[in-house]
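**Q** The structure under discussion is supplied below as structure tokens; questions concerning it will follow.
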Ligand SMILES: Nc1ncnc2c1ncn2[C@@H]1O[C@H](COP(=O)(O)OP(=O)(O)OP(=O)(O)O)[C@@H](O)[C@H]1O
Ligand SMILES: [Mg+2]
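Numbering (this note's numbering), first residue to last: 165 to 444.
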């Protein structure tokens, strides 16, 4: 459905993309990960044509995105849902109006757009009691879910996500990740997701692409990347995964051990046996 072929992009002397190729099929969830500054946002922006590649090609449904005139580009963008790191909601409009705005601007009749917006909001867990509020009257996680609903409301064929949880606190991150995981599992849209959330990538991705310095350095299923990474970046993610998600019980054991030897302030040192009993 989406094909990116050998795309290069430079900013003055900074090579942001150095021959990136990838594809996303319908219904597929592809997660793009890599260190800060490696070119992930630039790639997403090139796909949406918010940035112009210097060379290479991007095709969508067999048509060259780079050769599209402005009317074709408008139509192409309507078929894409784009979720940013920042919510970009308009504060003087209600949640419902924010969600419907893109559809109305794309020419949909107002009542039909409001119906589509309501359906999208319900899908991401934003109930009717919040629809008339201003964006400022929602939590960060709720605002980002409205951003997702806005992207979903046009029933896009492709969704581009650029670090949708990056500006949220950990509890809100979880809230938004659950919505994203649900969509990844059930949506017919292809999804290209830039995220640093390794647990999301491991659970929701059909494929993971790892980027470094403007290049895709590794591609594979979550299992492949986790068990047998071949790139330096892959090894780093593997280590991160192990430390965060598989070695956690060991840290609790180490803490129990430490407290056995720590003297208590102003008192006698209890026997190790007693401390272990207390710990248990
Ligand atoms: N508009 C711009 N002008 C000049 N340089 C830019 C511009 N946008 C990006 N760059 C540079 O291009 C490189 C890639 O940036 P990009 O934003 O794509 O990285 P990223 O992988 O999205 O990083 P992060 O994880 O921090 O969001 C960086 O070196 C960045 O400084
Ligand atoms: Mg970025």
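Quick reminder that beta carbons are idealized off the backbone N, C-alpha and C, glycines included.
Do residue 194 and residue 168 have their C-beta atoms closer together than 8 Å?
**A** Translated into the one-based positions of the chain shown, residue 194 becomes position 30. Translated into the one-based positions of the chain shown, residue 168 becomes position 4. Against a cut-off of 8 Å, the Cβ pair of residue 168 and residue 194 comes out as no contact.
**Q** Near ligand 4, which residues have their beta-carbon closer than 7 Å to a heavy atom?
**A** Among the ligands in the structure shown, ligand 4 does not appear; only ligand 1 and ligand 2 can be found there.
**Q** Check whether the stretch 186-204 touches the stretch 367-379, counting contact only when three or more Cβ pairs, one atom from each stretch, lie closer than 8 Å.
**A** The stretch 186-204, when compared against the stretch 367-379, does touch it at the 8 Å Cβ threshold.
**Q** If we count the other Cβ atoms within 10 Å of its Cβ and call it buried at 16 or more, is residue 409 buried or exposed?
**A** By 1-based counting over the chain shown, the position of residue 409 is 245. With fewer than 16 other Cβ atoms within 10 Å, it is exposed.
**Q** Between 211, 172, 181 and 285, which lies nearest to residue 357 when the distance is taken from Cα to Cα?
**A** The residue you call residue 357 lines up with position 193 of the chain shown. Measuring from the Cα of residue 357, the nearest candidate turns out to be 211.
**Q** Residue 222 to residue 325, Cα distance in whole Å?
**A** If you number the chain shown from 1, residue 222 lands on position 58. If you number the chain shown from 1, residue 325 lands on position 161. Rounded to the nearest angstrom, the two C-alpha atoms are 17 Å apart.
**Q** Contact check, residue 165 vs residue 354 under 8 Å by CB: the rounded distance?
**A** On the chain shown, position 1 is the one that residue 165 refers to. On the chain shown, position 190 is the one that residue 354 refers to. Going by Cβ atoms, the distance from residue 165 to residue 354 rounds to 5 Å, so yes, they are a contact pair.
**Q** Could you pull the DSSP bridge partners for residue 248 from this structure?
**A** Here residue 248 corresponds to residue number 84 of the chain shown, with the count starting at 1. Paired residue(s): none; residue 248 is not in a bridge.
**Q** Rounded to whole angstroms, how far is the Cβ of residue 340 from the Cβ of residue 308, which I believe are closer than 8 Å?
**A** By 1-based counting over the chain shown, the position of residue 340 is 176. By 1-based counting over the chain shown, the position of residue 308 is 144. With a Cβ gap of about 5 Å, residue 340 and residue 308 count as contacting.
**Q** Which partner residues of residue 168 appear in the DSSP bridge assignment?
**A** For the purposes of this step, residue 168 is taken as the residue at position 4 of the chain shown. Answer by DSSP bridge pairing, in chain order: 186 and 222.
**Q** Could you tell me whether any non-hydrogen atom of ligand 1 is closer than 7 Å to the CB of residue 202?
**A** If you number the chain shown from 1, residue 202 lands on position 38. Because some heavy atom of ligand 1 lies under 7 Å away, the Cβ of residue 202 counts as near it: yes.
**Q** Taking three-plus beta-carbon pairs below 8 Å as touching, is the stretch 286-299 in contact with the stretch 256-268?
**A** Taking 8 Å as the limit for Cβ pairs, the verdict is that the stretch 256-268 does touch the stretch 286-299.
**Q** Grab the span of the beta strand (DSSP E) containing residue 330 for me, first residue to last.
**A** Position 166 of the chain shown, counted from the start, is the residue given in the question as residue 330. Looking at the DSSP string, residue 330 is not in any beta strand (DSSP E), and its letter there is neither H nor E.
**Q** Measure the alpha-carbon distance for residue 283 versus residue 320 and round it to whole angstroms.
**A** Sequence index remark: in the chain shown, residue 283 carries index 119 (1-based). Sequence index remark: in the chain shown, residue 320 carries index 156 (1-based). So the alpha carbons of these two residues sit roughly 14 Å apart.
**Q** I need the straight-line Cα distance from residue 368 to residue 178, nearest angstrom please.
**A** In the chain shown, residue 368 corresponds to position 204, counting from 1. In the chain shown, residue 178 corresponds to position 14, counting from 1. Distance between the alpha carbons of residue 368 and residue 178 is about 32 Å.
**Q** Between which two residues does the beta strand (DSSP E) holding residue 376 run?
**A** Taking the chain shown and counting its residues from 1, the one referred to as residue 376 is at position 212. Looking at the DSSP string, the run of the beta strand (DSSP E) that includes residue 376 is 371-376.
**Q** Could you check whether residue 266 and residue 314 sit closer than 8 Å to each other, using their CB atoms as the reference points?
**A** On the chain shown, position 150 is the one that residue 314 refers to. On the chain shown, position 102 is the one that residue 266 refers to. Yes, the pair counts as a contact, with Cβ atoms nearer than the cut-off.
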